[in-house]
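Colleague: Structure incoming, see below.
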Amino acid sequence: MDFQVLLPKIPNSPVYPWRQLPNQYKNCKEGDPDWEFSKSNTLDNFASWGLVVNSFTELERVYLDHLRTELGHDRVWAVGPLLPLEDGVVGSSSRGGSSSIPCEQVMAWLNSRNDNSVVYVCFGSRTALNTKQMDVLVSALEQSGVEFILCVRGLDERHVGVGDDRGVIPNGFEDRVEDRGLVIKGWAPQVAILKHRAVSAFLTHCGWNSVLEGITAGVVMLTWPMASDQFTNAKLLVDQLGVGIRAGENIENIPEPSQLAHLLVESVSATRLERVRVKELSDAALGSIKGGSSDKDLDEFVERLPRCCQN
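Numbering-wise, our numbering puts 222 at position 177 of the sequence shown, and it's gapless, one number per residue.
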(Lines of atoms letter the chains of each structure in order from A and count residues from 1; the text may use other names and numbers.)
(Lines give C-alpha, C1' and ligand atoms only; values in the text may rest on other atoms or scores of the structure.)
Protein backbone atom coordinates (compact mmCIF):
# COMPACT_ATOMS: atom_id res chain seq x y z
CA MET A 1 0.00 0.00 0.00
CA ASP A 2 1.34 3.42 -0.97
CA PHE A 3 -0.30 6.77 -1.62
CA GLN A 4 0.55 10.44 -1.33
CA VAL A 5 0.07 12.20 2.01
CA LEU A 6 -0.42 15.98 1.74
CA LEU A 7 0.24 18.20 4.76
CA PRO A 8 -1.39 21.48 3.65
CA LYS A 9 -1.14 23.31 6.98
CA ILE A 10 2.64 23.03 7.10
CA PRO A 11 4.61 25.71 5.23
CA ASN A 12 5.39 24.73 1.62
CA SER A 13 2.64 22.04 1.86
CA PRO A 14 5.00 19.04 1.71
CA VAL A 15 3.82 15.78 0.14
CA TYR A 16 5.20 12.38 1.14
CA PRO A 17 4.54 8.83 -0.02
CA TRP A 18 2.85 6.82 2.73
CA ARG A 19 5.90 4.54 2.98
CA GLN A 20 8.07 7.47 4.09
CA LEU A 21 6.02 8.35 7.15
CA PRO A 22 7.55 7.32 10.51
CA ASN A 23 6.48 3.86 11.65
CA GLN A 24 4.81 5.15 14.81
CA TYR A 25 2.23 6.88 12.60
CA LYS A 26 1.84 4.13 10.01
CA ASN A 27 1.42 1.43 12.63
CA CYS A 28 -0.77 3.35 15.06
CA LYS A 29 -3.34 1.27 16.90
CA GLU A 30 -5.45 2.60 19.74
CA GLY A 31 -4.66 0.75 22.94
CA ASP A 32 -1.28 -0.54 21.78
CA PRO A 33 1.26 0.32 24.53
CA ASP A 34 3.96 1.51 22.12
CA TRP A 35 1.55 3.69 20.18
CA GLU A 36 0.00 5.15 23.33
CA PHE A 37 3.46 5.94 24.71
CA SER A 38 4.48 7.69 21.48
CA LYS A 39 1.20 9.63 21.32
CA SER A 40 1.53 10.69 24.95
CA ASN A 41 5.07 11.95 24.39
CA THR A 42 4.01 13.96 21.34
CA LEU A 43 1.07 15.56 23.12
CA ASP A 44 3.23 16.34 26.16
CA ASN A 45 5.74 18.10 23.90
CA PHE A 46 3.05 20.39 22.50
CA ALA A 47 1.63 21.01 25.97
CA SER A 48 5.00 21.95 27.43
CA TRP A 49 5.85 25.47 28.57
CA GLY A 50 8.36 25.93 25.75
CA LEU A 51 10.44 24.18 23.10
CA VAL A 52 14.22 24.29 22.62
CA VAL A 53 15.37 22.89 19.27
CA ASN A 54 18.72 22.06 17.73
CA SER A 55 18.42 24.28 14.67
CA PHE A 56 18.95 27.93 13.78
CA THR A 57 16.61 30.61 12.54
CA GLU A 58 18.24 31.10 9.14
CA LEU A 59 17.79 27.39 8.40
CA GLU A 60 14.15 26.88 9.41
CA ARG A 61 12.65 30.31 10.00
CA VAL A 62 9.30 29.54 8.34
CA TYR A 63 8.87 26.33 10.36
CA LEU A 64 9.87 27.93 13.66
CA ASP A 65 7.33 30.68 13.04
CA HIS A 66 4.73 28.02 12.21
CA LEU A 67 5.43 26.27 15.51
CA ARG A 68 4.91 29.51 17.42
CA THR A 69 1.62 30.10 15.63
CA GLU A 70 0.38 26.56 16.27
CA LEU A 71 1.40 26.65 19.92
CA GLY A 72 -0.08 30.08 20.49
CA HIS A 73 3.03 31.52 22.15
CA ASP A 74 6.57 32.60 21.30
CA ARG A 75 8.46 30.24 23.63
CA VAL A 76 10.27 28.40 20.83
CA TRP A 77 14.03 28.79 20.83
CA ALA A 78 16.46 27.62 18.15
CA VAL A 79 19.89 27.26 19.79
CA GLY A 80 21.82 25.21 17.22
CA PRO A 81 23.86 24.00 15.57
CA LEU A 82 25.03 22.08 18.66
CA LEU A 83 28.42 20.72 17.66
CA PRO A 84 32.12 21.42 18.27
CA LEU A 85 33.26 24.53 16.44
CA GLU A 86 36.92 24.84 17.46
CA ASP A 87 39.44 25.03 14.65
CA GLY A 88 41.42 21.98 15.76
CA VAL A 89 40.34 18.34 15.73
CA VAL A 90 40.17 17.97 19.50
CA GLY A 91 36.52 17.63 20.48
CA SER A 92 35.27 17.37 16.91
CA SER A 93 37.17 14.09 16.53
CA SER A 94 35.29 12.36 19.35
CA ARG A 95 31.77 13.73 18.87
CA GLY A 96 29.30 10.89 19.33
CA GLY A 97 31.88 8.31 20.37
CA SER A 98 35.48 7.20 20.10
CA SER A 99 36.76 6.78 16.56
CA SER A 100 37.55 3.28 15.32
CA ILE A 101 40.67 4.71 13.67
CA PRO A 102 43.06 7.34 15.08
CA CYS A 103 41.86 10.76 13.99
CA GLU A 104 45.46 11.71 13.20
CA GLN A 105 45.60 8.90 10.64
CA VAL A 106 42.45 10.15 8.92
CA MET A 107 43.73 13.74 8.92
CA ALA A 108 47.06 12.63 7.46
CA TRP A 109 45.23 10.87 4.64
CA LEU A 110 43.10 13.95 3.96
CA ASN A 111 46.13 16.25 4.13
CA SER A 112 47.58 14.39 1.15
CA ARG A 113 44.53 15.22 -1.00
CA ASN A 114 43.67 18.32 -3.01
CA ASP A 115 41.08 20.83 -1.83
CA ASN A 116 37.45 19.83 -2.47
CA SER A 117 38.36 16.49 -4.02
CA VAL A 118 37.02 13.95 -1.50
CA VAL A 119 33.54 12.52 -0.96
CA TYR A 120 32.72 11.36 2.55
CA VAL A 121 30.23 8.47 2.70
CA CYS A 122 28.43 7.54 5.90
CA PHE A 123 24.91 6.36 6.69
CA GLY A 124 24.85 7.00 10.41
CA SER A 125 25.34 4.92 13.52
CA ARG A 126 22.22 2.75 13.14
CA THR A 127 22.05 1.93 9.42
CA ALA A 128 23.72 -1.12 7.91
CA LEU A 129 23.33 -1.36 4.13
CA ASN A 130 21.85 -4.55 2.73
CA THR A 131 23.70 -6.53 0.07
CA LYS A 132 22.09 -4.76 -2.91
CA GLN A 133 22.65 -1.29 -1.46
CA MET A 134 26.27 -2.09 -0.63
CA ASP A 135 26.95 -3.57 -4.08
CA VAL A 136 25.55 -0.45 -5.76
CA LEU A 137 27.57 1.83 -3.50
CA VAL A 138 30.95 0.14 -3.96
CA SER A 139 30.37 -0.25 -7.72
CA ALA A 140 29.58 3.46 -7.98
CA LEU A 141 32.66 4.41 -5.97
CA GLU A 142 34.81 2.27 -8.27
CA GLN A 143 33.26 3.59 -11.47
CA SER A 144 33.41 7.24 -10.40
CA GLY A 145 37.15 7.44 -9.88
CA VAL A 146 36.63 9.99 -7.08
CA GLU A 147 38.65 10.02 -3.88
CA PHE A 148 36.56 9.04 -0.89
CA ILE A 149 36.27 8.05 2.74
CA LEU A 150 33.74 5.29 3.35
CA CYS A 151 32.52 4.71 6.89
CA VAL A 152 30.75 1.37 7.29
CA ARG A 153 28.81 0.40 10.37
CA GLY A 154 28.10 -3.30 10.82
CA LEU A 155 25.12 -4.70 12.70
CA ASP A 156 25.04 -4.78 16.46
CA GLU A 157 25.84 -8.35 17.55
CA ARG A 158 22.42 -8.60 19.20
CA HIS A 159 20.66 -8.00 15.87
CA VAL A 160 22.69 -10.20 13.54
CA GLY A 161 20.73 -13.17 12.22
CA VAL A 162 21.89 -16.32 10.49
CA GLY A 163 23.15 -15.44 7.03
CA ASP A 164 22.76 -11.72 7.67
CA ASP A 165 25.49 -9.94 5.70
CA ARG A 166 24.31 -6.35 6.02
CA GLY A 167 27.19 -3.92 6.34
CA VAL A 168 29.67 -6.31 4.70
CA ILE A 169 32.03 -4.86 2.07
CA PRO A 170 32.55 -7.13 -0.97
CA ASN A 171 35.86 -8.96 -1.10
CA GLY A 172 38.61 -7.21 -3.03
CA PHE A 173 37.03 -3.75 -3.03
CA GLU A 174 39.45 -2.20 -0.55
CA ASP A 175 42.46 -3.51 -2.48
CA ARG A 176 41.16 -2.15 -5.78
CA VAL A 177 40.65 1.39 -4.45
CA GLU A 178 43.46 1.63 -1.89
CA ASP A 179 45.18 4.43 -3.83
CA ARG A 180 42.19 6.79 -3.58
CA GLY A 181 39.87 5.45 -0.90
CA LEU A 182 39.96 5.11 2.88
CA VAL A 183 37.56 2.60 4.45
CA ILE A 184 36.68 2.99 8.13
CA LYS A 185 34.87 0.10 9.79
CA GLY A 186 33.07 1.44 12.83
CA TRP A 187 32.94 4.97 14.22
CA ALA A 188 34.58 7.80 12.27
CA PRO A 189 35.58 11.32 13.41
CA GLN A 190 32.81 12.74 11.23
CA VAL A 191 32.88 16.41 12.23
CA ALA A 192 36.65 16.59 11.80
CA ILE A 193 36.38 14.90 8.40
CA LEU A 194 33.62 17.19 7.13
CA LYS A 195 35.49 20.32 8.23
CA HIS A 196 38.67 19.35 6.36
CA ARG A 197 39.54 21.45 3.29
CA ALA A 198 39.81 18.32 1.11
CA VAL A 199 36.20 17.21 1.63
CA SER A 200 33.78 18.45 -1.00
CA ALA A 201 30.66 16.33 -0.58
CA PHE A 202 28.83 14.07 1.85
CA LEU A 203 26.74 11.04 0.84
CA THR A 204 24.44 10.80 3.84
CA HIS A 205 21.35 9.12 5.28
CA CYS A 206 20.17 12.61 6.32
CA GLY A 207 19.97 12.10 10.06
CA TRP A 208 19.52 15.51 11.67
CA ASN A 209 22.93 15.60 13.35
CA SER A 210 24.58 14.74 10.03
CA VAL A 211 22.52 17.41 8.26
CA LEU A 212 23.66 20.11 10.70
CA GLU A 213 27.26 18.91 10.56
CA GLY A 214 27.27 18.92 6.76
CA ILE A 215 25.67 22.36 6.50
CA THR A 216 28.02 23.89 9.05
CA ALA A 217 31.01 22.40 7.24
CA GLY A 218 29.74 23.81 3.94
CA VAL A 219 29.76 20.57 1.94
CA VAL A 220 27.33 19.52 -0.77
CA MET A 221 25.11 16.66 0.40
CA LEU A 222 24.05 13.65 -1.63
CA THR A 223 20.88 12.42 0.04
CA TRP A 224 19.96 8.76 0.57
CA PRO A 225 17.46 8.72 3.46
CA MET A 226 16.56 5.40 5.05
CA ALA A 227 13.87 5.91 7.71
CA SER A 228 12.18 8.15 10.26
CA ASP A 229 12.63 11.93 9.80
CA GLN A 230 15.39 11.41 7.23
CA PHE A 231 12.97 11.74 4.29
CA THR A 232 11.77 15.08 5.65
CA ASN A 233 15.35 16.25 6.11
CA ALA A 234 16.29 15.18 2.58
CA LYS A 235 13.36 17.10 1.10
CA LEU A 236 14.45 20.17 3.05
CA LEU A 237 18.02 19.90 1.72
CA VAL A 238 17.13 19.24 -1.92
CA ASP A 239 13.81 20.94 -2.64
CA GLN A 240 13.81 23.91 -0.29
CA LEU A 241 17.37 24.85 0.62
CA GLY A 242 18.99 23.78 -2.65
CA VAL A 243 22.11 22.40 -0.95
CA GLY A 244 21.52 18.70 -1.63
CA ILE A 245 21.41 16.31 -4.58
CA ARG A 246 18.92 13.44 -4.45
CA ALA A 247 20.77 10.10 -4.75
CA GLY A 248 18.42 7.40 -3.45
CA GLU A 249 15.69 6.49 -0.98
CA ASN A 250 15.99 3.48 1.32
CA ILE A 251 15.39 0.18 -0.52
CA GLU A 252 12.52 1.50 -2.66
CA ASN A 253 14.69 3.74 -4.82
CA ILE A 254 18.18 2.29 -5.04
CA PRO A 255 20.11 4.10 -7.80
CA GLU A 256 21.91 2.34 -10.62
CA PRO A 257 25.69 2.20 -10.04
CA SER A 258 26.37 4.34 -13.12
CA GLN A 259 23.82 6.92 -11.99
CA LEU A 260 25.31 7.15 -8.50
CA ALA A 261 28.83 7.28 -9.96
CA HIS A 262 27.80 10.28 -12.07
CA LEU A 263 26.40 12.04 -8.99
CA LEU A 264 29.61 11.38 -7.06
CA VAL A 265 31.63 13.02 -9.84
CA GLU A 266 29.19 15.93 -10.03
CA SER A 267 29.34 16.47 -6.27
CA VAL A 268 33.00 17.46 -6.40
CA SER A 269 32.47 19.85 -9.31
CA ALA A 270 33.28 23.45 -8.52
CA THR A 271 30.45 24.65 -10.77
CA ARG A 272 27.56 23.09 -8.84
CA LEU A 273 25.06 25.71 -7.69
CA GLU A 274 24.55 23.68 -4.50
CA ARG A 275 28.12 24.50 -3.51
CA VAL A 276 27.42 28.23 -3.58
CA ARG A 277 24.21 27.83 -1.60
CA VAL A 278 25.67 25.58 1.09
CA LYS A 279 28.57 28.01 1.58
CA GLU A 280 26.03 30.78 2.23
CA LEU A 281 24.14 28.55 4.66
CA SER A 282 27.38 27.54 6.38
CA ASP A 283 28.20 31.20 6.94
CA ALA A 284 24.70 31.69 8.37
CA ALA A 285 25.12 28.69 10.70
CA LEU A 286 28.44 29.96 12.04
CA GLY A 287 27.09 33.49 12.26
CA SER A 288 24.12 32.36 14.35
CA ILE A 289 26.34 31.26 17.23
CA LYS A 290 28.45 34.10 18.60
CA GLY A 291 26.22 37.15 18.78
CA GLY A 292 23.78 35.69 16.26
CA SER A 293 20.23 34.36 16.36
CA SER A 294 21.00 31.16 18.29
CA ASP A 295 23.12 33.01 20.82
CA LYS A 296 20.27 35.45 21.40
CA ASP A 297 17.70 32.66 21.63
CA LEU A 298 19.80 30.85 24.24
CA ASP A 299 20.18 34.03 26.29
CA GLU A 300 16.45 34.67 26.13
CA PHE A 301 15.65 31.08 27.12
CA VAL A 302 17.90 31.30 30.18
CA GLU A 303 16.41 34.68 31.10
CA ARG A 304 12.81 33.44 30.84
CA LEU A 305 13.31 29.97 32.35
CA PRO A 306 12.69 31.07 35.98
CA ARG A 307 9.17 32.10 34.96
CA CYS A 308 8.45 28.48 34.05
CA CYS A 309 9.37 27.38 37.57
CA GLN A 310 7.06 30.02 39.04
CA ASN A 311 3.99 28.76 37.13
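Where is the CB? At the ideal position from N, CA and C, for every residue including glycine.
Among all the DSSP beta bridges, which residues are the ones paired with Y165?
Modeller: Bridge partners of Y165: I194, F247.
Colleague: Excluding sequence positions up to five away, which residues of its chain have a Cβ less than 8 Å from the Cβ of V264?
Modeller: Same-chain partners within the cutoff: Y165, L239, V244, S245, A246, F247, V323.
Colleague: DSSP three-state call for E202: helix, strand or coil?
Modeller: Because E202 carries a pLDDT of 48, less than 50, the predicted location of this residue cannot be relied on, and the following value inherits that uncertainty. Here E202 sits in helix by DSSP.
Colleague: Apply the 10 Å Cβ neighbour rule to S93 and answer buried if 16 or more other Cβ atoms are within range, or exposed otherwise.
Modeller: That one is exposed.
Colleague: Applying the criterion that 16 or more other CB atoms from any shown protein chain within 10 Å of the CB defines a buried residue, is I260 buried or exposed?
Modeller: By the neighbour-count rule (16 or more Cβ atoms within 10 Å), I260 is buried.
Colleague: Assess, as a yes-or-no matter, whether the region 180-198 is touched by the region 114-122 under the definition of 3 or more beta carbon pairs within less than 8 Å.
Modeller: No, they do not touch.
Colleague: In whole angstroms, give me the CA-to-CA distance for V288 and M266.
Modeller: Cα-Cα distance, rounded: 7 Å.
Colleague: Going by the CB atoms, is the gap between S189 and A392 shorter than 8 Å?
Modeller: Residue coverage of the chain in this structure runs from 46 to 356, which leaves residue 392 outside it and unanswerable.
Colleague: Helix, strand or coil, according to DSSP, for G397 in the structure here?
Modeller: Any property of residue 397 remains undetermined from this structure, which presents the chain solely from 46 to 356.
Colleague: Could you give the first and the last residue of the continuous beta strand (DSSP E) run that contains W94?
Modeller: Premise fails: W94 is in no beta strand (DSSP E) and is neither H nor E.
Colleague: Using the Cβ count rule (16 or more neighbours within 10 Å means buried), how would you classify G169?
Modeller: Buried: at least 16 other Cβ atoms inside 10 Å.
Colleague: Whole angstroms are fine: how far does the CA of T87 sit from the CA of V97?
Modeller: Distance between the alpha carbons of V97 and T87: 15 Å.
Colleague: Anyone know if the C-beta pair for D274 and P67 falls short of 8 Å?
Modeller: Yes, Cβ-Cβ distance for D274 and P67 is below 8 Å.
Colleague: Bridge partners of I290, per DSSP?
Modeller: DSSP, once it has assigned bridges, lists L267 as partnering I290.
Colleague: Could you pull the DSSP bridge partners for Q304 from this structure?
Modeller: Answer is none; Q304 lacks a bridge partner.
Colleague: Can you tell me whether G226 is helix, strand or coil according to DSSP?
Modeller: The answer is strand: DSSP assigns G226 an E or B state.
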